[in-house]
Amino acid sequence: MKLHMVDVVGQYQKIKSEVDAAVHKVIDSGQFILGKEVGELECQIAGYLGAKYAVGCASGTDALQIAMMALGIGPGDEVITTPFTFVATAETIALLGAKPVYVDIDPKTFNIDPTRIEAAITSKTKAIIPVHLYGQAVDMDPIMDIARRKGLKIIEDSAQALGASYKGRKVCTFGDIGCISFFPSKNLGAFGDAGMVVCNDPALNEKLRMIIAHGSKVRYHHEVVGVNSRLDTLQAAILLVKLRHLDNWNNARGKFATRYNELLSGAPVTAPYISPVGTHIFHQYTIRAPKRDALADHMKGKGIPHAIYYPIPLHLQKAFLTAGNKRGDFPVTEKACDEVLSLPMHTELNEEQQSFIAQAVKNFYA
Ligand SMILES: Cc1ncc(COP(=O)(O)O)c(C=O)c1O
1 MKLHMVDVVG
11 QYQKIKSEVD
21 AAVHKVIDSG
31 QFILGKEVGE
41 LECQIAGYLG
51 AKYAVGCASG
61 TDALQIAMMA
71 LGIGPGDEVI
81 TTPFTFVATA
91 ETIALLGAKP
101 VYVDIDPKTF
111 NIDPTRIEAA
121 ITSKTKAIIP
131 VHLYGQAVDM
141 DPIMDIARRK
151 GLKIIEDSAQ
161 ALGASYKGRK
171 VCTFGDIGCI
181 SFFPSKNLGA
191 FGDAGMVVCN
201 DPALNEKLRM
211 IIAHGSKVRY
221 HHEVVGVNSR
231 LDTLQAAILL
241 VKLRHLDNWN
251 NARGKFATRY
261 NELLSGAPVT
271 APYISPVGTH
281 IFHQYTIRAP
291 KRDALADHMK
301 GKGIPHAIYY
311 PIPLHLQKAF
321 LTAGNKRGDF
331 PVTEKACDEV
341 LSLPMHTELN
351 EEQQSFIAQA
361 VKNFYA
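Heads up: the sequence shown begins at 1 in our numbering, then just goes up one per residue.
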């Protein structure tokens, strides 16, 4: 049985004619940079999320960097985030000369634990970056409350959660700026790198728009120091096609998750928790598994793809080993790093494949 962790080609085959037509239209137009599809996608993503503005950029990593640049975060500032995330969240903080300050996670949702945030705030704290990990909404109300009381900015790392909501409202719209990744394996994935920043403030929108284009509104007039991080037209055209399918795809992932839960019942693994205050779009289906590394080896032996997001917490990564970070600093995260295992999750899964995967997990523990 041929199994994939993510099946971007299988998904493409189902919408091939729509995608191919959109791609050829862009090629025929010759408008490869900031063609009309970029503006259309920005409008449609803003509309989909219920936000006022969206600005395309070159990746989710750039989205985070550009968001922090627009909010004036730089040397001497501290930014609070989770140590249990993809490196980009902390890397961009460090790249701007600021310091990532970590707060441990909630053991059930794997998201930043809002009850621990206040203790990490200092006079240097400028912003908090909650990450909606694996596609599950962060508990935003307490975080927004802290931000209001302490005068902090919020940047939502929504790279893994496009379409998830919190208390009926789409994530990515609660903070000052929301960041999206369209990396190919994401629930809405481009055919290359792409990203977007989302906001409701017209002045911020203008600033974000300048930053992505070398700090200029008018060509060769540079008002601020910017970067070259435009979303390219071909990717926008592909994403416009795929956006029409996103809700169906997210629903399909939800059904596959429910089926995994059923198939795995009885095995000594912990299925993903779904918080009652938000939705989960299952970018990843991630279990906690006893003897995780041995289970991973067993799966490998059976030819079953799987992944560990993430094996090393950010505070223990070599690149961020500053100021005496050590094992034991964030025990909930460290335990998660030792126990999590993500099973294949994508729109092209089928029942037979899921049964095979779940049976392999059960056999390991039998
Ligand atoms: C939580 C998180 N933040 C940021 C990123 C960065 O996005 P990109 O790969 O598009 O740069 C990713 C994805 O890869 C991610 O999962």
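Every residue gets a Cβ at the ideal spot worked out from N, C-alpha and C, and that includes glycine.
Checklist entry - Could you give the distance in angstroms between the alpha-carbon of Ala63 and the alpha-carbon of His214? => result 14 Å
Item to check | Cutoff 7 Å; reference Val38; Cβ partners in own chain excluding five residues on either side | outcome: Gly56, Leu231, Thr233 and Ala236
Checklist entry - Cβ-heavy atom distance between Ala159 and ligand 1 below 7 Å? => result Yes, since a heavy atom of ligand 1 falls inside the 7 Å radius drawn around the Cβ of Ala159.
Checklist entry - Candidates Pro114, Thr258, Lys335 and Pro276: which alpha carbon is nearest Pro290's? => result Lys335
Item to check | As assigned by DSSP and simplified to three states, the class of Arg327 | outcome: coil
Item to check | 8 Å contact criterion, which Lys126 and Glu78 should meet: CB distance rounded | outcome: 7 Å
Checklist entry - Count the other CB atoms within 10 Å of the CB of Glu156; is the residue buried (16 or more) or exposed (fewer)? => result buried
Next on the checklist: So, with DSSP's three-state summary, where would you put Thr333?
Outcome noted: helix
Item to check | Residues near Leu188 in its chain [Cβ-Cβ closer than 7 Å; skip 5 each side] | outcome: Excluding residues within five positions, the ones whose Cβ falls inside 7 Å are Leu162, Phe182, Leu239, Lys242, Leu243 and Leu246.
Next on the checklist: Quick check: is any heavy atom of ligand 1 less than 7 Å from the C-beta of Thr89?
Outcome noted: Placement of the Cβ of Thr89 at a distance of less than 7 Å from at least one heavy atom of ligand 1 is found.
Item to check | Where Thr92 falls: helix, strand or coil (DSSP) | outcome: helix
Checklist entry - Is it true that the CB of Gly135 sits closer than 8 Å to the CB of Ile154? => result no
Item to check | Start-to-end residues for the alpha helix (DSSP H) that takes in Val55 | outcome: Premise fails: Val55 lies in the beta strand (DSSP E), Tyr53 to Cys57, not in any alpha helix (DSSP H).
Checklist entry - Below 8 Å between beta carbons: does that hold for Pro305 and Pro276? => result no
Next on the checklist: Tell me whether Phe183, by its Cβ, gets closer than 7 Å to a heavy atom of ligand 1.
Outcome noted: yes
Next on the checklist: Can you check which of these residues, Glu223, Gly178 and Val87, is closest to Tyr309 by C-alpha distance?
Outcome noted: Val87
Next on the checklist: Taking only three categories from DSSP, how would you classify Gln284?
Outcome noted: DSSP places Gln284 in coil when its eight states are reduced to three.
Checklist entry - Which residues bound the alpha helix (DSSP H) around Leu240? => result Element bounds for Leu240: Thr233 to Leu243.
Checklist entry - Can you round the beta-carbon distance between Arg288 and Val340 to whole angstroms, since I take them to be within the 8 Å contact cut? => result 6 Å
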